[in-house]
């Protein structure tokens, strides 16, 4: 599992290098030490999630690398989007502003993007794993990242 951890770390660092610079420019400026610490937290969070899923699902040697790649390609953008959403919420709370319709629309677009990421992951993993492993994967992911409940909609049948 040590090779798997090293591969996960390297792939996470690569994805971090691709996705994070545009995000960093939109955020407050950081010292190099703070940026390195944020990068380490980001990498560690993704690595922990990938390892938790892989420990929950018993994968074979040939399934390991494709599973790691699929999970990292899911968790890295997911982590970034969650950080963006949290930063926006904190900013609005600090300003004492209530969310507007435009803000809600942007949040809904983000949620749709996250749902698409989850759907893409499920398709990739379903192709890699057998049925029993896939069921275990689904239950492990449900524990790790529960799906948000949808609010009851509409006026309730009229």
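Numbering (our numbering), first residue to last: 49 to 206. A virtual CB, placed ideally from N, CA and C, is assigned to each residue, including glycine. Small disclaimer: the values here were computed from a predicted structure and weren't measured.
One thing to note: residue 165 has its Cβ no nearer than 9 Å to the Cβ of residue 114. According to the DSSP assignment, residue 177 belongs to no alpha helix (DSSP H), since it is labelled neither H nor E. Under the 10 Å beta carbon count, residue 118 is surrounded by 16 or more other beta carbons and is classified as buried. Separation of residue 87 and residue 181 (C-alpha to C-alpha, rounded to the nearest whole angstrom) is 32 Å.
Between residue 155 and residue 140 the beta-carbon gap is near 10 Å, outside 8 Å, which marks them as no contact. Taking the Cβ atoms as the reference, residue 192 lies roughly 16 Å from residue 121, outside the contact range of under 8 Å. In the structure shown, residue 106 falls within a coil segment according to DSSP collapsed to helix, strand and coil.
If you compare the alpha carbons of 144, 108, 123 and 111 with that of residue 162, the shortest gap goes to 123. Separation of the CB atoms of residue 127 and residue 93 is rounded to 6 Å, and the pair is thereby assigned contact status at 8 Å. The C-alpha of residue 90 lies about 10 Å from the C-alpha of residue 83. In chain order, 105, 107, 111, 115 and 185 place their CB closer than 8 Å to the CB of residue 177, counting only its own chain and leaving out the 5 sequence neighbours on each side. When the beta-carbon positions are compared, residue 129 and residue 151 stay at least 9 Å from each other.
Rounded to the nearest whole angstrom, the C-alpha separation of residue 174 and residue 101 is 14 Å.
Annotation for residue 172: 118 place their beta carbon closer than 7 Å to its own, counting only its chain and skipping 5 residues before and after.
Here the C-alpha atom of residue 109 lies approximately 41 Å from the C-alpha atom of residue 79. Assignment of residue 98 by DSSP, reduced to helix, strand and coil, places it in the helix class.
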